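A short write-up of the structure that comes next.
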């Protein structure tokens with residue numbers, strides 16, 4: 002018939018190639034070495050690939066978090082692709098997948114991890130609050146991260162006054178925080194390094210404070226709280242970041258209303274935010290404290306009894322002395338009758354005890370006659386009753402003379 006069919010033998014899927022990334026984003030004014038011409042714009046991720054021999058078309062996608070991903074871009078015939086409006090997060094691993102097909106439909110899948118590039122910020126205190134790239138919570142919501150840096154926070158060992166924040170890269174030897182999970186401690190997606198360029202050791206004069214803003218929907222667990230920890234390489238353990246600062250500079254706070262976690266750090270290392278279990282507050286009424294046991298030492302009782310006996314003896318002695326003094330003073334009382342002084346009731350008849358109504362004009366006359374007997378005889382005769390009355394009431398001067 003003259004018909005022919007060309008058959009090419011396939012040795013399998015395309016050969017294994019390589020992936021590369023280029024992430025572009027607008028810079029902030031507080032970033033060290035920022036390009037002022039790229040302050041505005043939107044972030045994007047450019048993915049390119051090479052050396053996939055016999056591949057004719059490609060599928061591309063990105064995955065992160067628990068189950069988040071971008072829609073698959075299919076039937077690409079070029080060797081690169083740009084994801085526009087791609088806001089990469091700090092501390093998060095993005096898995097970029099590429100499937101290469103040959104002309105017969107054989108395919109090869111290649112995956113590579115993409116990390117947010119390192120961010121260098123000016124740490125001389127000119128910018129007190131520095132906004133860093135977003136983080137991802139366990140609820141897969143965005144977490145705002147801010148660094149509060151004061152002036153003169155470092156000694157002269159950091160002449161450039163720059164701090165670097167980068168995502169943990171396990172491919173270069175960084176520690177996996179999830180390997181330390183337990184019933185009280187659980188890892189999260191928030192893992193990063195804090196470094197100083199070209200410096201292995203740095204002394205903090207003042208702590209750097211980090212603030213994680215989760216929001217009401219970013220942290221809903223009632224019994225777990227966020228806790229920032231750093232990796233202690235010598236002891237190979239995770240320690241609370243707040244413990245890296247002296248007692249007077251250590252600060253850690255959890256705002257339960259707005260879900261904001263604030264902590265200070267005074268050490269450069271690998272950091273990770275863990276979910277740390279905290280016991281719930283008790284809703285039952287606290288039991289009253291036990292009554293202390295009674296004091297039954299006999300020595301105390303003997304001392305108290307001795308004091309009481311001494312007090313009683315002193316009171317008895319005081320009473321006896323007082324009684325004797327009163328008796329002695331009663332024996333020296335002056336008896337006026339022995340001195341010839343009569344009481345008033347005997348000298349004045351009007352003061353004598355009589356029946357009611359018996360005292361009248363008669364008593365007053367007797368008193369007058371009693372007083373007249375003590376008056377000397379007048380030098381002239383008494384002519385009338387008025388003169389008698391005047392004699393009965395002598396003047397004060399006359400009475401004074403007679404008394405003398």
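In our numbering, the protein residues as written are 2 to 405.
Cβ coordinates follow ideal geometry from the N, Cα and C atoms, glycine included.
This one's a predicted model, so the numbers in the text were calculated from it and none came from an experiment.
Sheet register partners of residue i (DSSP bridge)
{"i": "residue 180", "result": "Its beta-bridge partners do not exist; DSSP assigns none."}
{"i": "residue 145", "result": "214"}
{"i": "residue 239", "result": "232"}
{"i": "residue 271", "result": "194"}
{"i": "residue 168", "result": "193"}
{"i": "residue 205", "result": "155"}
{"i": "residue 255", "result": "262"}
{"i": "residue 100", "result": "60, 110"}
{"i": "residue 21", "result": "49"}
{"i": "residue 122", "result": "32, 164"}
Exposure label - residue i; buried when at least 16 CB within 10 Å
{"i": "residue 218", "result": "exposed"}
{"i": "residue 317", "result": "exposed"}
{"i": "residue 105", "result": "exposed"}
{"i": "residue 89", "result": "buried"}
{"i": "residue 252", "result": "exposed"}
{"i": "residue 319", "result": "exposed"}
{"i": "residue 192", "result": "buried"}
{"i": "residue 172", "result": "exposed"}
{"i": "residue 357", "result": "In this predicted model, residue 357 has a pLDDT of only 48, less than 50, meaning its place in the structure is not dependable; the value taken from the coordinates is given anyway. Residue 357 is exposed by the Cβ-count criterion."}
{"i": "residue 260", "result": "buried"}
{"i": "residue 169", "result": "buried"}
{"i": "residue 206", "result": "exposed"}
{"i": "residue 407", "result": "Outside the displayed range of the chain (2 to 405) lies residue 407, so it cannot be described from this structure."}
DSSP state of residue i mapped onto helix, strand, coil
{"i": "residue 116", "result": "coil"}
{"i": "residue 314", "result": "helix"}
{"i": "residue 1", "result": "Because residue 1 is not part of the residues shown, which for the chain are 2 to 405, the question remains open."}
{"i": "residue 26", "result": "coil"}
{"i": "residue 199", "result": "coil"}
{"i": "residue 306", "result": "helix"}
{"i": "residue 163", "result": "strand"}
{"i": "residue 95", "result": "strand"}
{"i": "residue 69", "result": "strand"}
{"i": "residue 187", "result": "strand"}
{"i": "residue 321", "result": "helix"}
{"i": "residue 80", "result": "coil"}
{"i": "residue 301", "result": "helix"}
{"i": "residue 280", "result": "coil"}
{"i": "residue 360", "result": "At residue 360, the pLDDT of 49 sits below 50, so the modelled position is not reliable and the matter cannot be decided from this model."}
{"i": "residue 58", "result": "strand"}
{"i": "residue 429", "result": "Summary: the structure shown does not reach residue 429, with the chain confined to residues 2 through 405, and so no result is reported for it."}
{"i": "residue 329", "result": "helix"}
First and last residue of the uninterrupted alpha helix (DSSP H) at residue i
{"i": "residue 233", "result": "No alpha helix (DSSP H) contains residue 233, which is instead part of the beta strand (DSSP E) from 225-233."}
{"i": "residue 345", "result": "345-348"}
The beta strand (DSSP E) enclosing residue i, as first and last residue numbers
{"i": "residue 263", "result": "261-266"}
{"i": "residue 132", "result": "130-137"}
{"i": "residue 248", "result": "Premise fails: residue 248 is in no beta strand (DSSP E) and is neither H nor E."}
{"i": "residue 47", "result": "45-51"}
{"i": "residue 155", "result": "Looking at the DSSP string, residue 155 is not in any beta strand (DSSP E), and its letter there is neither H nor E."}
Supposed contact pair residue j and residue i - C-beta distance, whole angstroms, cut 8 angstroms
{"i": "residue 110", "j": "residue 17", "result": "Not really, about 10 angstroms apart at Cβ, beyond 8 angstroms."}
{"i": "residue 152", "j": "residue 177", "result": "That belief does not hold up - the Cβ atoms of residue 152 and residue 177 are roughly 37 angstroms apart, past 8 angstroms."}
{"i": "residue 297", "j": "residue 209", "result": "That belief does not hold up - the Cβ atoms of residue 297 and residue 209 are roughly 60 angstroms apart, past 8 angstroms."}
{"i": "residue 82", "j": "residue 116", "result": "That belief does not hold up - the Cβ atoms of residue 82 and residue 116 are roughly 19 angstroms apart, past 8 angstroms."}
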